[in-house]
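**Student:** The opening residue of the sequence shown carries number 23 in our numbering; numbering runs sequentially from there. Cβ atoms here follow ideal geometry from the backbone N, Cα and C, with glycine treated the same way. Because the structure is a prediction, the values reported are computed rather than measured. Below are the structure tokens for one structure; questions will follow.
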Amino acid sequence: MLTKAGLAVIDALSTGRDATAAKLATDTEYSQTHLYDVLDVLLESGLLAERRGPNNQRQVHVTDHPVVEAYRSLQAELGHVEWADLLSPATLRVCWYLDEPRRVSEIAARLEITRQSVHKALSPLKHRAMLSPSGPEYALSEDLSPLLAFARAVVRHEHRSQVRALAPSATVEWCDPKRALIRVQTAADTEALEAASDWQLTGLARFAAYGLQFFLAGEPAFWYAPDETLTPADVVCHTLVLDSGSRRVSYAMLLIEKLDIDQETLTETAQWYELESTVAAMYRPLEGAFDVSDDSPVVLPSEAEFTALKKQYGVS
């Protein structure tokens, strides 16, 4: 996660200027020794670039990285706030979940931290009236959408940097602060993630574990969620996030049918992927209602198509 020192450096350089570590130490009030380490991390991750100035001095400047651009947008729209002082890594993680009203207990459970830690992370925002409380729930005020965009850019960057250290071709398809769904493009990257303890096969590639074997076009998808069990509901949602075409929807329905995944369980998981309406539509034919409405969020199989698919894969 982007540290406070790292954010202070980006803030100091966001106008596009070049600066030495000595100059940044003066601007940010972090020690020059500490900043050398911070600059190395920011350079390696692509947020900064460097050139040599007079007397061969090392000078750095920001790049057009999505994190930098998101921060510039935040400054442009809400420049009266000292964001580098306000935002900690913990606050950025919590901000991810403030796109809609959520309970502190819900955020704590999702981040696997205490409710006290969530309140502490929210405190700087509360004190500046940046939250819209609704009963026991909190969300960012409507005019703070650039902050949400910045928090999400930082989290996505963190996951992308982490996975690309193992699999250079990886792209992040979905993530939150503790989890990531990724694709890779090469067999070598697939092998690297299969050998890594924190990564699990998911999506269509995972169906084989439940007795459903499908041909895969391309490399499989992987799921990062250390210390969590990958559930069938997760696999269904990952399959739909990766491809919501009619064939994948039919396969997802087949897995639901084979494992008898109840709608409440799947809907609870689907909320994190914004798939609630898709799940609701899929259960209608599973319950025998194949009369598809015009406003269905996905293309569903006909009764004959789904019956044939079940017969093909031995699902009763």
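State the Cα-Cα distance for the pair D107 and S163, rounded to the nearest angstrom.
**Tutor:** Their backbone Cα atoms lie some 20 Å apart in a straight line.
**Student:** Buried or exposed: where does A217 fall if 16 or more other Cβ atoms within 10 Å of its Cβ makes it buried?
**Tutor:** exposed
**Student:** State whether the region 26-43 contacts the region 117-129, with contact taken as three or more CB pairs (one from each stretch) at a distance under 8 Å.
**Tutor:** no
**Student:** Would a C-beta distance cut-off of 9 Å place L144 and L153 closer than the cut-off?
**Tutor:** yes
**Student:** Going by C-alpha distance, which of E128, A189 and E180 is nearest P111?
**Tutor:** E180
**Student:** Alpha carbon to alpha carbon, how far is D220 from A189? Give it in angstroms, no decimals.
**Tutor:** Between A189 and D220, the C-alpha separation is close to 13 Å.
**Student:** Report the rounded CA-to-CA distance for A227 versus L238, giving the unit in angstroms.
**Tutor:** About 7 Å.
**Student:** Skipping 5 residues on each side, what residues in its chain have a beta carbon closer than 8 Å to that of S299?
**Tutor:** Sequence-distant partners of S299 (beyond 5 residues in either direction) whose C-beta falls short of 8 Å from its own C-beta, in its chain, are P319.
**Student:** Nearest to A209 by CA position, among D198, K200, S191 and E195, is which residue?
**Tutor:** S191
**Student:** In chain order, what residues of the same chain have a beta carbon less than 6 Å from the beta carbon of R73, not counting five sequence neighbours either side?
**Tutor:** Q81
**Student:** According to the neighbour-count rule (16 or more other Cβ atoms, all chains shown, within 10 Å of its Cβ), is G233 buried or exposed?
**Tutor:** exposed
**Student:** Tell me whether H241 is buried or exposed, calling it buried when 16 or more other Cβ atoms sit within 10 Å of its Cβ.
**Tutor:** Per the sequence shown, the amino acid found at residue 241 is Glu instead of His. Buried.
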